[in-house]
Amino acid sequence: MTAKTRALIVEDEPHIAEALLFLFERAGISADVISDGGAAMESLANYDLLILDIMLPGASGFEIAKAAAAAPNRPKVCVLTAKGQAADKARMEEIGVSAFVTKPFSNRELMDTVRALIAAP
Amino acid sequence: MGVATRVPMGDRIRTQRRSAGLTQRALAAAVGVSPDYLSLIESDKRQIGGRLLRQIADELGVSTEAFTAVSRDRLAADLSEVSQNFSGTPDASAAELVAFSPKWAEIVLDLHDRSLTAEARSDHLVERFARDPQWISFAHDILSRITSIRSAAEILSDFRSMDEGQRGRFVETLATESARLTHVTRRMIDSLNEAATADAAGADVREVDAFLQDHGYYFAHLEEAVANLEPPGGDSASKRFQAALALAEDVASVAVETELLGHRFRTDGASRRARGALLRYAAGAILMPYEAFRATATATRYDIDAIGEVFGVSFEQVAHRLASLRRPQAEGVPFAFLRVDPAGTVSKRLSTPQLRLPLFGACPLWVVYEAFSQPGRTLSQMVDLDGERFILVARALEKAARRQAQPAARFAVMLGVPAAHADSIVYADAFASGRESVVTRAGYECRSCAMAGCAQRAHGASAA
């Protein structure tokens, strides 16, 4: 699946987005970056994997995760949470999200989670 | 409360001397000081204590208590209210504690204020960390900065092969995100400091009010420093007051320090607040010179609007000045002054020996609260407080909003005076009959009130 996986990084912090994009390229995963939640909602059909921040302009990470769960292509979702935000994680789990990486994450931890998610059925 | 309370005793010494039938010269000779020096003492231009005070008391056949009693009444009343706040029952032993050791009474009040401040600050911080959007934003910002820095640093370390442009951008990320991290952390610390230094429980307000009250809200040095100054012009009461305040800063700063001499405030905030209050007092004295003001007040029977028109000042400024008509031998009607906000928080209180105003919000039946329902109108009331009657006069005021869509600040100010002075004040005319039908039965504040059948009761034994 790795070869054909298309990932969308939804992150409004440009420095984090740039680093993620670099890591995905090096891992051979095709990826795009969108910083606005509203624009991300409209692009869900084009991607198999979402890397999703929670606090976003336009639409929140929760709205996007809900839309992803309801989308015909059911993209997989990995959420970037913040330490100490247990309530956010619980809410995402209710929506059906199972992959989380806590900021500030290590690159290795993030990419291991992403690879495991891609490999999962 | 201040640790060292300076009480103006001159007038009381003079009164006791006269009732003992002694001349200034005779008393001065008896205690071994010059008549001039005794005159300075009697006009509160010299503070005395210790041996000389005891000698004077002995010579006049009274205890030194006779000269310091008002401050102790205030201490006992405050202490009793504090005990009600804690235990819910009035405590008659407050006066005994004050009589036994005023120092310890001051310390108890001081500790009470400190505990209120600490409690309010901790509530404030818990609220901040848990729900305050500003703190959620700080946390998000800091974690994002650290994430960027960590990711970029790991990339630079793990991937040796990278084009120079890309490497330069990640190095740049390290620099800019570190700078932003520093910035947001500073903002967070500043915000913590603001919370820590704020007078969260209003302790500074109470400390300064107690200081003003212990001086009977009359400051001879300030009056003297601004006497005979030309009141500044201006097209509104607030502009004239600002101009008077600037003038007071120029001419009365030394007098302010003289009035504060020997008094130590617990916090810098209280000390600044006291200086501000004394400068505003001086500004009021510039706009409303004592004798002219007292004469106008007497002639208009304390009609606050009429007085305001004569001196070109606001309702609140007149009300404040009326509370300061305490010059020995030239006193006005003894008005207590109270200012509250719509939530009931007391932002200024000047009790008199006749009318004690509560520390934490008065009886809800007082007209000062009804004033909010009719802003700009002067309301009056005759109240019966535990068998003593008082005339209360109140008005709600708005301080104009500084920006569109921001609410204006609202306050209600109230003056209170024993009904014995009813003939002297225009607001009492409506209650001249003195019949029960024109008198509101009320209390001082809820916790200590014993009035049965009060529909407004919130605290105390018979609360629902």
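From first to last, the protein sequence lines are chains A and B.
Everything in the first sequence is counted per my numbering, starting at 1 for the first residue and increasing by one.
Everything in the second sequence is counted per my numbering, starting at 1001 for the first residue and increasing by one.
A virtual CB, placed ideally from N, CA and C, is assigned to each residue, including glycine.
- Per DSSP, P1364/B lies in no alpha helix (DSSP H) segment and is marked neither H nor E.
- Runs of the alpha helix (DSSP H) lying entirely within the stretch 1173–1239 of chain B and spanning at least 4 residues, in chain order: 1203–1214, 1220–1226.
- One Cα belongs to I1149/B, the other to P1364/B, and the distance between them is close to 58 Å.
- With a beta-carbon spacing of about 52 Å, V1333/B and I1189/B fall beyond the 8 Å limit used to define contacts.
- Excluding sequence positions up to five before and after E1291/B, its CB lies within less than 8 Å of the CB of A1330, all in the same chain and listed in chain order.
- Spanning the alpha carbons of A1422/B and V1313/B requires a straight line of approximately 24 Å.
- Relative to D12/A, the option among R115/A, L52/A, A116/A whose CA is nearest is L52/A.
- Looking at the DSSP output, K1348/B shares a beta bridge with R1339/B.
- For the stretch 16–46 of chain A, the set of positions with a beta-carbon nearer than 8 Å to some beta-carbon of chain B reads I16, E18, A19, L20, F22, L23, R26 in chain order.
- Of the candidates C1454/B, G1276/B, H1183/B, G1276/B places its Cα closest to the Cα of E1257/B.
- D1044/B sits in coil when the DSSP states are folded into three classes, being neither helix nor strand.
- The continuous alpha helix (DSSP H) containing K66/A extends over residues 61–70.
- Residue pairing for Q1329/B: DSSP places it in no beta bridge.
- Note on geometry: alpha-carbon atoms of L1156/B and R1167/B lie some 7 Å from one another.
- Residue environment: W1366/B is assigned as buried (16 or more neighbouring CB atoms within 10 Å of its CB, all protein chains considered).
- Chain B has no Cβ within less than 7 Å of the Cβ of K89/A.
- One thing to note: L1355/B has its Cβ within 7 Å of the Cβ of G1416/B.
- The C-beta distance from L1229/B to I1307/B rounds to 19 Å, too long to meet the 8 Å contact threshold.
- According to the DSSP assignment, D1305/B belongs to no beta strand (DSSP E) but to the alpha helix (DSSP H) extending over 1304–1311.
- Considering only beta carbons, the part of the stretch 1166–1182 of chain B lying closer than 8 Å to chain A consists of Q1166, R1169, F1170, T1173, T1176, E1177, in chain order.
- Pairwise C-beta distances place the stretch 1220–1240 of chain B out of contact with the stretch 1170–1186 of chain B, as fewer than three of them are shorter than 8 Å.
- With respect to chain A, the C-beta atom of I1146/B has a partner C-beta closer than 7 Å.
- Taking C-alpha positions only, Q1381/B is separated from E1436/B by approximately 12 Å.
- Using a Cβ-Cβ cut-off of 7 Å, S1151/B is close to I16, A19, N107 of chain A, given in chain order.
- Contact note: M92/A does not reach chain B at a C-beta cutoff of 8 Å; the least C-beta distance is about 16 Å.
- Contact with chain B is absent for M111/A, since none of that chain's Cβ atoms lies less than 7 Å from the residue's Cβ.
- Contact annotation for E1154/B against chain A: S106, N107 [CB-CB distance below 7 Å, chain order].
- The beta carbon of A1225/B lies closer than 8 Å to those of V1251, A1252, V1254, A1255, A1282 in the same chain, with the five residues before and after it left out.
- The continuous stretches of alpha helix (DSSP H) do not include V97/A, and DSSP gives it neither H nor E.
- When C-beta atoms of the stretch 1036–1043 of chain B are compared with those of the stretch 1009–1024 of chain B, three or more pairs fall below 8 Å, so the two segments count as touching.
- Counted as a single uninterrupted DSSP element, the stretch harbouring S1380/B is not any alpha helix (DSSP H) but the beta strand (DSSP E) occupying residues 1379–1385.
- Selection A1203/B, G1344/B, T1296/B, D1429/B evaluated against I1391/B yields D1429/B as nearest (Cα-Cα).
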